[in-house]
Amino acid sequence: MIDPATIDVPEFLERWYGPPDGPSGTLPTTCDWLPAPLKEWHRLTSRWSTPLMTVNRMIAPEQVKAGEDSTAVFMEDATGDWRWAFGTADPDVVHEAELYEPWQRCAESLPELLTHSVLYEATYTGSSWRECAQVEEHRLDSVLAPMTCIAFGGWGSPRPGGRIFMSDTLVAATGPAMAPGSPWENRPGYAEVRVATTEPERLAYLDDMTDIPWIKPFP
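Numbering (the working numbering), first residue to last: 2 to 220.
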């Protein structure tokens, strides 16, 4: 497995999105209280005009507020139904929960979660990708063969059990497949998979797996 702490996030961003096209952003002094890893994330990602997040949403740093429960929400999913917050007394600790539900401690520290976010979003921002919501688990080794799993602790959203894999040119997100019908539980023996890259030819090996009904971008 890959240790998340060994991933060079600035180098990955340049490789995935190209050289930054702007200077590092300056945060207002009202943001001085925010954890250093979160401030650095905002400064770093502000250097690209291309949106780096399309699935989840990072709260603007000046809008992050400390709550009465000693947490501060800094990221949420696209609908705002799932949220991540750091502890104001111990900012390295992250909590997550569905809206109106009690906080649960996340299995990742704040620095690890921010790296996880970059890699997860990359599976949706890569210019070329393949996706299948129902891949038989016995096919996963072949699908993920060029990549190595990253030892992230994991999130509760979108469904517990998600994993991220990467190589020099590929990033993949996998997770439990959803059963085709209410109550939308996990489907045993199947996984959902999305593999992305910025080099289209890297996905040729997936197209050779004709037994898997891949969804791909329109030409």
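For glycine and all other residues, C-beta sits at the position ideal for the given N, C-alpha and C. Note that the structure is predicted; figures quoted are calculated from it, not measured.
How many Å lie between L141 and W130 at the Cα?
The count along the sequence shown starts at 1 and reaches residue 141 at position 140. The count along the sequence shown starts at 1 and reaches residue 130 at position 129. Going from the Cα of L141 to the Cα of W130 covers about 16 Å.
Quick test of the definition: if touching needs 3 or more C-beta pairs under 8 Å, does the segment 192–200 touch the segment 175–182?
A contact exists between the segment 192–200 and the segment 175–182.
Mind checking who M59 pairs with in its DSSP beta bridge?
Translated into positions along the sequence shown, residue 59 becomes position 58. Per DSSP, M76.
Restricting to runs no shorter than 4 residues, where is the alpha helix (DSSP H) found entirely within the segment 127–206?
The segment 127–206 contains these whole alpha helix (DSSP H) runs: 141–144.
Once you ignore the five residues that flank G154 on each side, which residues in its own chain have a CB closer than 6 Å to its CB?
Taking the first residue of the sequence shown as position 1, residue 154 is located at position 153. Same-chain partners within the cutoff: A108 and E109.
Grab me the residues of M54's own chain with a C-beta within less than 7 Å of its C-beta, minus the 5 sequence neighbours each way, in chain order.
One-based indexing of the sequence shown puts residue 54 at position 53. The answer, listed in chain order, is E122.
Strictly by DSSP, which residues pair up with F87?
Counting from 1 along the sequence shown, the entry for residue 87 is found at position 86. In the DSSP output, where bridge partners are listed per residue, F87 has A73 and V95.
In terms of alpha-carbon separation, which member of E12, M148 and E102 lies closest to L204?
Counting from one through the sequence shown, the residue named residue 204 turns up at place 203. Cα-wise, what sits closest to L204 is M148.
How far does the beta strand (DSSP E) with E109 in it reach, from first residue to last?
Looking up residue 109 in the sequence shown gives position 108. Note, E109: beta strand (DSSP E), Q105 to S110.
Short of 7 Å in beta carbon distance, which residues of its chain neighbour L4, apart from the five on each side in sequence? Order them along the chain.
Locating residue 4 in the sequence shown gives position 3, where the first residue counts as 1. In the sequence as presented, Leu is not what sits at residue 4; that position holds Asp. So the qualifying residues of the chain are A152.
Since Q105 and E97 are thought to touch, with beta carbons under 8 Å apart, how far apart are those beta carbons, to the nearest angstrom?
Numbered from 1 along the sequence shown, position 104 holds the residue referred to as residue 105. Numbered from 1 along the sequence shown, position 96 holds the residue referred to as residue 97. That belief holds up - the Cβ atoms of Q105 and E97 are roughly 6 Å apart, short of 8 Å.
For the alpha helix (DSSP H) that R44 lies in, which residues bound it at each end?
Here residue 44 refers to the residue found at position 43 of the sequence shown. Its alpha helix (DSSP H) spans residues A37 to T46.
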